[in-house]
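Below is one structure; the comments refer to it alone.
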Amino acid sequence: MKHDISLDAGSFRLRPLELSDAEFIVQLRTDPIRSRFLHATSPNIEDQIAWTKLYFDRPNDWYFIVESCNGLPHGAISIYNTDVVLGEAEWGRWILREGSLAALASAFMIYDIGFHILEVRELYTHTETENKKVVSFHASMGSIMHGTLVGPHGENWTEQRMTNLLWEKRRAEIKEKVEAIGRMAARP
Amino acid sequence: MNQVEQRVRDLMGIVFRRDVSEIEHVDRENISEWDSFKHVELIFAIEDEFDVSFSQDILGRLHNIDDICAAIESHRS
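These protein sequence lines map, in sequence, to chains Z and X. According to the working numbering, numbering within the first sequence proceeds without interruption in unit steps and concludes at 375. According to the working numbering, numbering within the second sequence proceeds without interruption in unit steps and concludes at 728.
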């Protein structure tokens, strides 16, 4: 949905997706290495623009661009599949360009947005089990393994969950790391 | 194996919570525990251990133990 949520952490920022981001999104999501574990994306920028216009009208779906605080785009991340009754939502559509150091900051900000701004009670991820790095990353953040499920093409997916209470226990330590990475950006 | 590499392997063992001493070529591709979170922890541990200070550019290029040892040696010389 069209929203105005922005957040800074360390040297990175999450800001709302705009139509002008279409070319960047297509470049990222059609990179065969970076997008290996994401749903297929059309290489046509007009298709991305059309998708974005539909997204703008879709409630309870928040798409963000990950960028450095000086405006250089690094990737994308979203909160979606919101269940207002259960107070939970999924986060994903997470992709960063090669060499980006925004992983920790972008995940940190998505949890802060989900729990502190959207006020969900629980945030979960569905990661293809073969994507071991991302499964490991979520575990490193403190997200708890919740089981496996079978995806639409028979592949195995791992579900991991973070509650708002668990996030408050993890937050300070992770924030320190995010800020330390941010201080690195200022080094000569 | 020189002393720098041995110390880096020791730190990797602590951060990844697994013994990497027997792995010839330690690389982000062949260590599943070497995710983005642990990469940051590893680099901070290396900076403390060796009293070096990496730029953000270098941080994004340290993908294997050879790169890390070379970066340490470069900063110390």
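Heads up, the beta-carbon is just placed ideally off N, CA and C, and yes, glycines get one too.
The beta strand (DSSP E) enclosing residue i, as first and last residue numbers
i               : result
N268 of chain Z : 260 to 270
D195 of chain Z : 194 to 196
H333 of chain Z : 331 to 337
A276 of chain Z : 275 to 283
E254 of chain Z : 249 to 255
R727 of chain X : From DSSP, R727 of chain X is part of no beta strand (DSSP E) but of the alpha helix (DSSP H) over 716 to 727.
F695 of chain X : Not the beta strand (DSSP E): F695 of chain X falls in the alpha helix (DSSP H), residues 687 to 701.
F224 of chain Z : Neither: F224 of chain Z is in no beta strand (DSSP E) and is coded neither H nor E.
R202 of chain Z : 199 to 203
Local Cβ density within 10 Å of residue i, reported as buried at 16 or more and exposed below that
i               : result
K369 of chain Z : In the sequence under discussion, the amino acid at residue 369 of chain Z is Gly, which differs from the Lys named in the question. G369 of chain Z is buried by the Cβ-count criterion.
V677 of chain X : buried
H690 of chain X : buried
I304 of chain Z : exposed
K320 of chain Z : buried
A722 of chain X : buried
I212 of chain Z : buried
T335 of chain Z : exposed
M663 of chain X : buried
D686 of chain X : buried
H261 of chain Z : buried
V325 of chain Z : Before going on, a small fix: residue 325 of chain Z reads as His here, not Val. Classification of H325 of chain Z: buried, given that the 10 Å Cβ count is 16 or more.
M332 of chain Z : exposed
Q657 of chain X : exposed
D208 of chain Z : buried
G197 of chain Z : buried
I220 of chain Z : exposed
R668 of chain X : exposed
L241 of chain Z : exposed
M328 of chain Z : buried
Residue range of the unbroken alpha helix (DSSP H) whose run includes residue i
i               : result
H358 of chain Z : Checking the sequence shown, residue 358 of chain Z turns out to be Arg, not His. Its alpha helix (DSSP H) spans residues 351 to 372.
S323 of chain Z : 319 to 328
T312 of chain Z : Counting along the chain, T312 of chain Z falls outside any alpha helix (DSSP H), though it belongs to the beta strand (DSSP E) covering 309 to 315.
V213 of chain Z : 209 to 216
R660 of chain X : 654 to 667
L241 of chain Z : 232 to 243
F295 of chain Z : 290 to 299
L710 of chain X : 707 to 710
Rounded separation between residue i and residue j - CA only
i               : j               : result
M296 of chain Z : D699 of chain X : 27 Å
P230 of chain Z : T217 of chain Z : 6 Å
E680 of chain X : S265 of chain Z : 26 Å
V655 of chain X : D244 of chain Z : 56 Å
I719 of chain X : A237 of chain Z : 44 Å
V272 of chain Z : A290 of chain Z : 30 Å
R206 of chain Z : Q214 of chain Z : It should be noted that the sequence gives Leu, not Arg, for residue 206 of chain Z. Whole-angstrom Cα-Cα distance: 14 Å.
F701 of chain X : S725 of chain X : 12 Å
R202 of chain Z : G274 of chain Z : 23 Å
A359 of chain Z : S287 of chain Z : 22 Å
L353 of chain Z : V337 of chain Z : 27 Å
I282 of chain Z : I697 of chain X : 27 Å
D299 of chain Z : M652 of chain X : 44 Å
G341 of chain Z : S323 of chain Z : 22 Å
F773 of chain X : S255 of chain Z : As shown, chain X starts at 652 and ends at 728. That puts residue 773 of chain X outside it, with no answer to give.
A292 of chain Z : F688 of chain X : 10 Å
K364 of chain Z : D270 of chain Z : 31 Å
D195 of chain Z : I674 of chain X : 39 Å
L259 of chain Z : I252 of chain Z : 10 Å
I665 of chain X : I682 of chain X : 14 Å
A373 of chain Z : I709 of chain X : 13 Å
L248 of chain Z : E692 of chain X : Residue identity differs from the one stated: residue 248 of chain Z is Asp in this sequence, not Leu. D248 of chain Z and E692 of chain X: Cα-Cα distance of roughly 32 Å.
D717 of chain X : D661 of chain X : 14 Å
Any C-beta of chain C under 8 Å from that of residue i
i               : result
R374 of chain Z : Among the protein chains of the structure shown, namely Z and X, there is no chain C.
Counting only Cβ-Cβ distances shorter than 9 Å, please list the residues of the stretch 314 to 338 of chain Z near chain X, keeping chain order. K319, K320, V321, V322, S323, F324, H325, A326, S327, M328
Between the stretch 351 to 371 of chain Z and chain X, which residues of the former have CB atoms less than 7 Å from a CB of the latter, in chain order? K364, A367, I368, M371
If contact means a Cβ-Cβ distance below 9 Å, which residues of the stretch 671 to 693 of chain X contact chain Z? Cβ contacts with chain Z come from R679, S683, E684, W685, D686, S687, F688, K689, H690, V691, E692.
Determine which residues of the stretch 692 to 725 of chain X have a Cβ less than 8 Å from any Cβ of chain Z, and write them out in chain order. Of all residues in the stretch 692 to 725 of chain X, those with a C-beta nearer than 8 Å to a C-beta of chain Z are E692, F695, S704, F705, S706, Q707, L710, G711, R712, reading in chain order.
Taking a cut of 7 Å between CB atoms, which residues from the stretch 218 to 229 of chain Z lie near chain X? none
May I ask you to list, following chain order, the residues of the stretch 273 to 291 of chain Z that have a beta carbon less than 8 Å from some beta carbon of chain X? The residues in question are G286, S287, L288, A290, L291.
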